[in-house]
Each structure stands twice: as C-alpha cells, then as structure tokens.
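There are 2 protein chains.
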Amino acid sequence: MLKAKPRLDRDARREAILDVAQEVFLEEGFAAASMSTIAARLGGSKGTLYNYFASKDELFKAYVERRCLWQQDEVFAVISGETPEEALLRIARSFLTHVLSEITLRNFAVIAAESERTPELGRILYETGPKQGAERLAAFLAGLDAAGALELDGDPLGASQHLLGLLQSPLMKARLLNAIPPITPTQVDSEAARGVRTFLRAFGRR
Amino acid sequence: MLKAKPRLDRDARREAILDVAQEVFLEEGFAAASMSTIAARLGGSKGTLYNYFASKDELFKAYVERRCLWQQDEVFAVISGETPEEALLRIARSFLTHVLSEITLRNFAVIAAESERTPELGRILYETGPKQGAERLAAFLAGLDAAGALELDGDPLGASQHLLGLLQSPLMKARLLNAIPPITPTQVDSEAARGVRTFLRAFGRR
DNA sequence: GTCTATAAAGCGATAGAC
DNA sequence: GTCTATCGCTTTATAGAC
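Read top to bottom, the protein sequences are chains A and B. Using numbering that gives the first Met the number 0, read the first sequence as starting at 0 and increasing by one per residue. Using numbering that gives the first Met the number 0, read the second sequence as starting at 0 and increasing by one per residue.
Written out as structure tokens, the structure reads:
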C-alpha cells in the first residue's frame, strides 16, 4: 500500500474550493476575506487550502480566470430569424439581465477594487468580458448594416459601444454603488426598449 | 487662563487628517487601510485620530461626504452664449475629464467595493454624484428642447442619462478595471465628439 | 493528503502620563 | 489635545500528528 488514498478526485476538490472561495470573495471582497473563513466553510482546514493554492493571491487569480471562462458565451446565444428590432431587443434584454445580475455586479466591483494592486486581474476580466462582448455585438450590427437595416457609417464597433452605453447608463452605476435595490425583469425590459429606441433613432435607416 | 491653547485650528487639523485619509483610502481601499498607517503618515498618533473621529467607519464616512461636496459644481460651471452643439461638447469634455480622472475612478471603485457592507456610503456618492449630475444635465437639455434645438419627446432626464451613457461607454469600464492606461486629453476630446454626434443623431432637430 | 495546534505579525481601539 | 504603550482580537502561514 504505497498510497492509501491515492486521489479520489483532486480536480473536483479544487473546484469545490473555488466554489467556496467565490462565495466568500463576493461576500466580503478580497482584503476582508480570510483563508480561515474559506477553510471553515469548505469543511476542511487551512492546511488543505495551502496545499491547493500557494497563497491567497493565487487562489484569487484562479477564481477570476474561472469566472471569465464561464461568462464568455452567456449573452450571445443564438440568433435566428427575427426583424432587426426584435433581435436588438432580445440581445439588449439578455445583455442587461446578465450585466445587472447581482453576482456579475459584485464580481465587477471586487475586481475593480483589486485591479489597482493587481492590474492583471482587471485586464483578464475586461478583455474576456466587455471587450469581447462589444466586438461580437459589432459583428452582428455590421451584418444589419450590410443588409440595409442600419446606417453605421463604417464604424460598427463605435455603434456597438454606444448601444452598450445607452443600455447601461442610468442603472449600472446605481447598482454598483448599491444605491438602488436589485433590478427587476420589468426594469430590464423597460431599459432595453428605451436604449434600443434611442439607438435606432441614431443609427436606424431613415 | 482657562484654555492655554484654546484651539489654534481644530478644523484645519481635521482637514489635514481627511487629506491623509483620502490618500490612504484611495491607495489601499477601505479594508486594507489601517488607522496606524494614516496616523503615521499624518505625523501624529492613533490617539489623535480617535480624538477627531470615533472610529474607522466614521472617518471613512467623513471622507466620502467631503469628496461629494467637492465634485458637486466641478462639471456644470457656467453656460454662456454658445451654439447648442458647442455647449454640449464643452459639457461633455468637462464631464469626461472629471469622471475619467484617476482620483474619481479610484474613489468610485473603493466605495463600490465597500457599499456592499455599508450601503449608506454608496447612496451618498450616487445621489450627490451621478444622480445630481444627470438631473442638472437634464435641466440644461430641457432648455435646448424648449428653444427648439432638440427633440426630447418630453423626457429630458432619459435623454440626459443616454448622453452620459454614450460618453462613458467604452472607456469607463476599461479604466475601472485598470485594463488600459490613463486617459489622455486627446481621447477625451475624441470620445466627447463621438458621443455628442450620436446624441444629436438621435435627439437633434431633423 | 488532511487535520489540530500554534507561531508571528498586524489590526482597531483604549488607558494614562504629560 | 497629544503622545506612548499596550490590550484583546484576528489574520496569514507553518509544524507536526495521523
């Protein structure tokens, strides 16, 4: 018997640790979260934690990377036969639902706060999140432009960024500062419609 | 001699403490900042600190309130005889310069992170910052609408929120996450022009 | 590989001399 | 009012039993 418990599932254990770490980081932020809290909620001990991650920093990095992988394909799911306005409305609602969800907002705030100390974390989140989202939306808008439904004047990325700005404008900051209660689906619908309407006034074919 | 050193300048000392506290809070965030660090950089002692502010929380609140007072009248300075587009461009540049400055961004990130624990802080910042700004801009836009320069369809606040969203869209998140270098005046001009152009396409008189 | 126990350092806050 | 010294507590990180 060389190894009594060889390793039932080291990867699963690692995932479980990241699940708990995500909870605690989102609840308390990076600085306030303690390895003791994470270990206690895990049911394990701090020794175990340090076995999987060399330090609190390494644990935090691993958590950010995993979240970025997750949210990559949440917004742009499938695009079937719809009118341009219907498609824009559906994407707008899906985007707002995701971006104003409590977990996404909290994640953003925590990483923004920590990105001063560790810019790498912020870069990872920005490039796999907002940046990629704007580029994918730009590609979709370019298609509508080519089909004659929009007038983008040759700058689909600019129009994409402006649509995203219109959608987030009043609610994003308010929610990031916890100045208003969580967003309801009704509010999402209303803001999506409002944003798309202004977008079409600016970029729709006259 | 009832009071030997009656009080040379208690208020000035309080201001000096808040100056140092602002530095440390912006550099390290709320949780990581320590009263010892603040006292040391002040040149005084922790005892002095606790003489002026009952707790770390009270010190933080006082700092937030002071910052909110400061930035109230920075953006909407004076509005003289300009064309509507010139006025919008000037306000847009002034707004972007303020909102994308390193100190404003860092302040926003720190308070957003802390507002989960203490929503009152976030509420104070939101209501005296973005909310008031949108309302003042709405009042200005309503004037342009009444003068026949814009077509706001009876919702000046909605148009104001959308203009602010257009201006901040691509750069705000990137800077909050420290994913791009500090904004240059050239970038501010370019984004302001881009945002105002889209805004006028949507709300300008046809 | 996982646990208990503990070391070493730092925290917010207080007490008391001056 | 301001300082020095220190209390009580919590933190990260490690050592050693199993």
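Every residue, glycine too, gets a C-beta built ideally from N, C-alpha and C. In this text the structure is predicted, and so the values were computed from the model without any measurement.
Does any residue of chain B have a CB that is nearer than 8 Å to the CB of residue i?
{"i": "Glu14(A)", "result": "no"}
{"i": "Lys172(A)", "result": "yes"}
{"i": "Leu165(A)", "result": "yes"}
{"i": "Glu126(A)", "result": "yes"}
Tell me whether residue i sits in a helix, a strand or coil according to DSSP, three-state version.
{"i": "Lys4(A)", "result": "Because Lys4(A) carries a pLDDT of 41, less than 50, the predicted location of this residue cannot be relied on, and the following value inherits that uncertainty. In this structure, Lys4(A) counts as coil in the three-state DSSP scheme."}
{"i": "Gly132(A)", "result": "helix"}
{"i": "Leu149(A)", "result": "strand"}
{"i": "Gly203(B)", "result": "strand"}
{"i": "Arg116(A)", "result": "coil"}
{"i": "Leu93(A)", "result": "The amino acid occupying residue 93(A) in the given sequence is Ser; Leu does not appear at that position. Helix at Ser93(A)."}
{"i": "Asp154(B)", "result": "coil"}
{"i": "Phe139(A)", "result": "helix"}
{"i": "Glu85(B)", "result": "helix"}
{"i": "Thr183(A)", "result": "coil"}
{"i": "Asn176(A)", "result": "What sits at residue 176(A) in the sequence shown is Leu, not Asn. Reduced to three states, the DSSP call for Leu176(A) is coil."}
{"i": "Gly80(B)", "result": "coil"}
{"i": "Leu162(A)", "result": "helix"}
{"i": "Gly194(B)", "result": "helix"}
{"i": "Phe75(B)", "result": "coil"}
{"i": "Leu170(A)", "result": "helix"}
{"i": "Arg100(A)", "result": "Before going further, note that residue 100(A) is Ser rather than Arg in the sequence given. Ser100(A): coil per DSSP, three-state reduction."}
Beta carbon of residue i: closer than 7 Å to some heavy atom of the ligand FAD?
{"i": "Leu87(A)", "result": "Questions concerning the ligand FAD fall outside what the structure shown contains, since it holds no ligand whatsoever."}
Which residues in chain B have a C-beta closer than 8 Å to the C-beta of residue i? List them in chain order.
{"i": "Arg105(A)", "result": "Glu115"}
{"i": "Tyr62(A)", "result": "None at all; the shortest Cβ gap to chain B is about 16 Å."}
Looking at chain A, is there any beta carbon in it that lies within less than 8 Å of the beta carbon of residue i?
{"i": "His161(B)", "result": "yes"}
{"i": "Gly147(B)", "result": "no"}
{"i": "Gly80(B)", "result": "no"}
{"i": "Ala111(B)", "result": "yes"}
{"i": "Arg122(B)", "result": "yes"}
{"i": "Ser100(B)", "result": "no"}
{"i": "Pro118(B)", "result": "yes"}
{"i": "Ala141(B)", "result": "no"}
{"i": "Pro169(B)", "result": "yes"}
{"i": "Leu175(B)", "result": "yes"}
Please list the partners that residue i has in chain B, where partner means a Cβ-to-Cβ separation under 9 Å.
{"i": "Arg92(A)", "result": "What Arg92(A) touches in chain B: nothing, since even the nearest Cβ is about 17 Å away."}
{"i": "Ala178(A)", "result": "Ser114, Pro118, Gly121, Arg122, Ile123, Leu124, Tyr125, Glu126, Pro129 and Lys130"}
What do you get for residue i, buried or exposed, if any count of 16 or more other CB atoms within 10 angstroms of its CB means buried?
{"i": "Leu163(A)", "result": "buried"}
{"i": "Ala178(B)", "result": "buried"}
{"i": "Glu190(A)", "result": "buried"}
{"i": "Glu115(B)", "result": "buried"}
{"i": "Lys4(B)", "result": "For Lys4(B), the pLDDT reaches just 40, beneath the cut-off of 50, and the residue's location in the model is therefore unreliable, leaving the point undetermined."}
{"i": "Pro180(B)", "result": "exposed"}
{"i": "Thr197(A)", "result": "buried"}
{"i": "Ile102(A)", "result": "exposed"}
{"i": "Gly128(B)", "result": "buried"}
{"i": "Leu68(B)", "result": "exposed"}
{"i": "Ser159(B)", "result": "buried"}
{"i": "Leu184(A)", "result": "The sequence given here places Pro at residue 184(A); Leu does not occur at that position. Per the 10 Å Cβ criterion, exposed."}
{"i": "Ala225(B)", "result": "Summary: the structure shown does not reach residue 225(B), with chain B confined to residues 0 through 205, and so no result is reported for it."}
{"i": "Ala91(B)", "result": "buried"}
{"i": "Ala145(A)", "result": "exposed"}
{"i": "Glu113(B)", "result": "buried"}
{"i": "Arg204(A)", "result": "exposed"}
{"i": "Ala108(B)", "result": "buried"}
{"i": "Ser33(B)", "result": "exposed"}
{"i": "Ser168(A)", "result": "buried"}
{"i": "Asn106(B)", "result": "buried"}
{"i": "Ala173(A)", "result": "buried"}
{"i": "Arg9(B)", "result": "exposed"}
Strictly below 7 Å CB to CB, what residues from chain B border residue i?
{"i": "Thr197(A)", "result": "His161 and Ala201"}
{"i": "Ala30(A)", "result": "Gly28, Ala30 and Ala31"}
{"i": "Ala108(A)", "result": "Ala111 and Ala112"}
Could you work out which residues of chain A lie near residue i, taking near to mean beta carbons separated by less than 7 Å?
{"i": "Gly157(B)", "result": "Arg193"}
- Query: Which ranges does the alpha helix (DSSP H) cover as unbroken runs of at least 4 residues, wholly within the stretch 12 to 70 of chain B, from first to last along the chain?
  - Reply: 34 to 41, 45 to 51 and 55 to 70
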